[in-house]
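Chemist: Quick one: the structure is below, questions incoming.
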Amino acid sequence: MADDLLRAPIFGSGASFSDLLKQAAVSPPPGNGIDKPLHVPEGTTVLAIRYLDGVIVAGDRRATEGFQISHRSIEKVFAADDMSAVAIAGAAGPAVEMVRLLQTELEHYEKVEGERLTLEGKANKLSQMIRANLPAALQGLVVVPLFAGFDEARNVGRIFKYDVTGGRYEEDDYHATGSGGKDARSSLKKRYNHGLTRDEVVKIAIEALFDAADEDVGTGGPDLVRDIFPTVVSITVDGTLEIPEDDIRALFNELISERREQMLLPHEHTVDVRRPRRGS
Numbered sequence: 008m009a010d011d012l013l014r015a016p017i018f019g020s021g022a023s024f025s026d027l028l029k030q031a032a033v034s035p036p037p038g039n040g041i042d043k044p045l046h047v048p049e050g051t052t053v054l055a056i057r058y059l060d061g062v063i064v065a066g067d068r069r070a071t072e073g074f075q076i077s078h079r080s081i082e083k084v085f086a087a088d089d090m091s092a093v094a095i096a097g098a099a100g101p102a103v104e105m106v107r108l109l110q111t112e113l114e115h116y117e118k119v120e121g122e123r124l125t126l127e128g129k130a131n132k133l134s135q136m137i138r139a140n141l142p143a144a145l146q147g148l149v150v151v152p153l154f155a156g157f158d159e160a161r162n163v164g165r166i167f168k169y170d171v172t173g174g175r176y177e178e179d180d181y182h183a184t185g186s187g188g189k190d191a192r193s194s195l196k197k198r199y200n201h202g203l204t205r206d207e208v209v210k211i212a213i214e215a216l217f218d219a220a221d222e223d224v225g226t227g228g229p230d231l232v233r234d235i236f237p238t239v240v241s242i243t244v245d246g247t248l249e250i251p252e253d254d255i256r257a258l259f260n261e262l263i264s265e266r267r268e269q270m271l272l273p274h275e276h277t278v279d280v281r282r283p284r285r286g287s
């Protein structure tokens, strides 16, 4: 009997780190509320694409405050654990804190239970955190991440998107969110098809981010001067792997060369916008 008491966790089952904090009465100090709009760094365009062996997650590196660039090399793609990743969009500060809490939650669960939480369980955990952020979202601190991972039970990559209330929705093939999400989705829609390899989906992800940056002021394209490029992470049965920056740089250089050649091609039906000559 005494041994059972010693082995029992102090605070309930202990499987949830968030529940542990609540039972221990650990909470942030009360705030005074926000009575005017805040200009906080915001994440912009992130995307995820399924392919034959798993899924990739990618994001640009720019953060903005209103109409100003607040950060040129912010990280927006994070490994949640060995088999999943989160890409953040929205208010950068709360989004990064949410990712850190999710990482701690998953690590805590695995240590207590002795096994990994299922992919759907991880997606549900993130959904609960987004729902808990709703009061802050109503004050302008919106966080809408993108979650993807490899489902070991189904042996397939899966993608989950969310709304501001914590609603969770699964996407079959690809998704993009953030200020340039619509432009990125339009690009992916034209290029995606089933049966793609990792190298192929990385290339269309690069093209989608490039197209989004071309249309959306809040999305950062490749910064060739500062040598800053988007982050791309692949997730397969072997775990998470960040695509080397040299590979991303080479793909962007190739893409820029292709686009430059397209712009230099002669165009038919050229319109002469010069003023007409007198007497003509």
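98 is the number that this note's numbering gives to position 91 of the sequence shown; each next residue is one higher, with no gaps.
Just so it is clear, CB atoms sit at the ideal spot from N, CA and C, and this is done for glycine as well.
For clarity, every value in this text was computed on a predicted model and none was experimentally measured.
Buried or exposed: Arg68, going by 16 or more other Cβ atoms within 10 Å of its Cβ?
Modeler: Burial call: buried.
Chemist: Does the distance from the CB of Phe236 to the CB of Arg267 come in under 9 Å?
Modeler: Not in contact: Phe236 and Arg267 (Cβ atoms no closer than 9 Å).
Chemist: Near Ala143, which residues of its chain fall below 7 Å by C-beta distance, leaving aside the five closest residues on each side in sequence?
Modeler: Hits under 7 Å: Pro101.
Chemist: Within 8 Å, do at least three Cβ pairs link the segment 72-82 to the segment 105-112?
Modeler: Counting Cβ pairs under 8 Å, fewer than three are found: no touch.
Chemist: Could you check the C-alpha separation between Phe167 and Ala70 for me, to the nearest Å?
Modeler: Their Cα atoms are separated by approximately 23 Å.
Chemist: How big is the Cα-Cα spacing for Asp88 and Gly73?
Modeler: Each residue's alpha carbon lies about 32 Å from the other.
Chemist: According to DSSP, is His182 part of a helix, a strand, or is it coil?
Modeler: The answer is strand: DSSP assigns His182 an E or B state.
Chemist: Let's see if you can read the secondary structure: which residues bound the alpha helix (DSSP H) around Lys168?
Modeler: Counting along the chain, Lys168 falls outside any alpha helix (DSSP H), though it belongs to the beta strand (DSSP E) covering Val163 to Tyr169.
Chemist: I'd like the list of long-range same chain contacts for Gly225, defined as Cβ closer than 6 Å, with 5 residues on each side in sequence excluded.
Modeler: Thr51, Thr71 and Ser186.
Chemist: Straight-line CA distance for Tyr116 to Glu122?
Modeler: Those two C-alpha atoms are separated by around 8 Å.
Chemist: With Tyr181 and Tyr199 assumed to form a contact (beta carbons below 8 Å), what rounded beta-carbon distance in angstroms separates them?
Modeler: With a Cβ gap of about 6 Å, Tyr181 and Tyr199 count as contacting.
Chemist: Sorted by chain position, which residues of the same chain lie with C-beta nearer than 6 Å to Met136's C-beta, five sequence neighbours on each side aside?
Modeler: Same-chain partners within the cutoff: Met105.
Chemist: Indicate the three-state DSSP secondary structure (helix, strand or coil) for Glu265 in the structure shown.
Modeler: Reduced to three states, the DSSP call for Glu265 is helix.
Chemist: Buried or exposed, going by whether 16 or more other CB atoms sit within 10 Å of the CB of Val244?
Modeler: When all chains shown are included, Val244 counts as exposed.
Chemist: Please classify Ser80: does DSSP put it in a helix, a strand, or coil?
Modeler: Three-state DSSP puts Ser80 in coil, outside helix and strand.
Chemist: Straight-line CA distance for Glu214 to Ala139?
Modeler: Using only the alpha carbons, I get a separation of about 35 Å.
Chemist: So, is Lys197 buried or exposed, given that buried needs 16 or more other C-beta atoms within 10 angstroms?
Modeler: Exposed is the call here.
Chemist: How far does the beta strand (DSSP E) with Ile242 in it reach, from first residue to last?
Modeler: That run of the beta strand (DSSP E) goes Thr238 to Thr243.
Chemist: With DSSP as the reference, label Leu108 as helix, strand or coil.
Modeler: Helix, per DSSP.
Chemist: Quick one: what does DSSP say Tyr176 is sitting in, helix, strand or coil?
Modeler: Correct three-state label for Tyr176: strand.
Chemist: Would you call Gly174 buried or exposed, if buried means 16 or more other Cβ atoms sit within 10 Å of its Cβ?
Modeler: The residue is exposed, with fewer than 16 neighbouring Cβ atoms inside 10 Å.
Chemist: Spatial neighbours of Glu207 within its chain, please: C-beta separation below 8 Å, excluding the five flanking residues on both sides.
Modeler: Excluding residues within five positions, the ones whose Cβ falls inside 8 Å are Tyr58.
Chemist: Per DSSP, Glu289 forms a beta bridge with which residues?
Modeler: Past the edges of the chain, shown from 8 to 287, lies residue 289, and the structure says nothing about it.
Chemist: Looking only at its chain, what residues have a beta carbon closer than 6 Å to the beta carbon of Val93, apart from the 5 residues adjacent to it on each side?
Modeler: Excluding positions up to five away in sequence, the list reads Phe85, Ala87, Val106, Pro152 and Phe154.
Chemist: Rounding to the nearest angstrom, what Cα-Cα distance links Leu258 and Lys210 in this structure?
Modeler: Distance between the alpha carbons of Leu258 and Lys210 is about 7 Å.
Chemist: From Gln146 to Ala98, what does the alpha carbon distance come to, in whole angstroms?
Modeler: Gln146 and Ala98: Cα-Cα distance of roughly 11 Å.
Chemist: Going straight from the alpha carbon of Ala212 to that of Glu159, what length do you get?
Modeler: Looking at the two C-alpha atoms, the distance is approximately 24 Å.
Chemist: Say the cut is 8 Å; is the CB of Tyr176 nearer than that to a heavy atom of the ligand SAH?
Modeler: The ligand SAH is not among the ligands present in this structure, which contains no ligands whatsoever.
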